[in-house]
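Add 49 to the 1-based position in the sequence shown for our numbering, that's all there is to it. C-beta: ideal position from N, C-alpha, C; glycine also. Predicted model, so just to flag it, every value in this text is computed and none were measured. Below: one structure, written as structure tokens.
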Amino acid sequence: MINRIWLVLLFLGILISVSTGNLNTLGNVMLSSAKESIDIYLKIATMLIFWSGIIRIAIDSGLVKRVSLILIKPLGLLFPELPRDCKALELIAGNVVCNLLGLGTASTPLGLKAMEELQKTNLVPDTSTRSMTTFVLLNASSLTIFPSSLFGLRALFGANDSFKLILLMSITSAFATIIAITCDRLFYFFSQRNIK
Numbered sequence: 050m051i052n053r054i055w056l057v058l059l060f061l062g063i064l065i066s067v068s069t070g071n072l073n074t075l076g077n078v079m080l081s082s083a084k085e086s087i088d089i090y091l092k093i094a095t096m097l098i099f100w101s102g103i104i105r106i107a108i109d110s111g112l113v114k115r116v117s118l119i120l121i122k123p124l125g126l127l128f129p130e131l132p133r134d135c136k137a138l139e140l141i142a143g144n145v146v147c148n149l150l151g152l153g154t155a156s157t158p159l160g161l162k163a164m165e166e167l168q169k170t171n172l173v174p175d176t177s178t179r180s181m182t183t184f185v186l187l188n189a190s191s192l193t194i195f196p197s198s199l200f201g202l203r204a205l206f207g208a209n210d211s212f213k214l215i216l217l218m219s220i221t222s223a224f225a226t227i228i229a230i231t232c233d234r235l236f237y238f239f240s241q242r243n244i245k
């Protein structure tokens, strides 16, 4: 569906360009846009490689594991059906640590591995478990204390005072996480009530 929308927009732009006599402008814009997209890609890729390297150092040094061990108890409350020594819970904790540091690209592989581990314990493979649903909501709300990727992007594109927004971003992500967890608990409560 989205491919069709892009195709319609592309042809509509070309048609309007031809009908208004701006074919030269269209050619110039197409060439300059290609150059700009490569420049943006290189800037973003450089920043992502840097932060992925930082998180790899944190993982290899054991920092993420130590912080994950601290988070396992609170996460045990969110995922009561998972045993404390479960590999999935450790991966979820690592994912949360990466999200806390604003390293979304580093948290994605951990999130995928956590979901694979959760699927291994799933008795009904084509239906998500309570833990899976909670994890998706927790990951989507993405509690962030230090949005490093966002600061990197803002700095790359010349934003002034990137760090002024840190408190606002942290509060917003905290509210999103609280709302996500509350909705998850309410949904679970009412679904269990309807089953009985």
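- prompt: Does the segment 199 to 211 come close enough to the segment 169 to 186 to have 3 or more Cβ pairs within less than 8 Å?
  reply: no
- prompt: Are A189 and A229 touching if we call contact CB-CB under 8 Å?
  reply: yes
- prompt: In whole angstroms, what is the alpha-carbon distance linking F212 and S219?
  reply: Cα to Cα, the separation comes out at about 11 Å.
message: Could you tell me the alpha carbon to alpha carbon distance between G160 and N243, rounded to whole angstroms?
response: 31 Å
task: Taking 8 Å as the cut-off, decide whether the C-beta atoms of T178 and L167 are in contact.
output: yes
message: Could you tell me the alpha carbon to alpha carbon distance between R115 and G151, rounded to whole angstroms?
response: 18 Å
query: Does DSSP put V173 in a helix, in a strand, or in coil?
result: coil
task: With distances taken Cα to Cα, identify the nearest neighbour of A223 among L72, V145, L61, R105.
output: V145
- request: Under 8 Å by Cβ, that's how I've got S110 and A155 pegged, so tell me the actual separation to the nearest angstrom.
  value: That belief does not hold up - the Cβ atoms of S110 and A155 are roughly 14 Å apart, past 8 Å.
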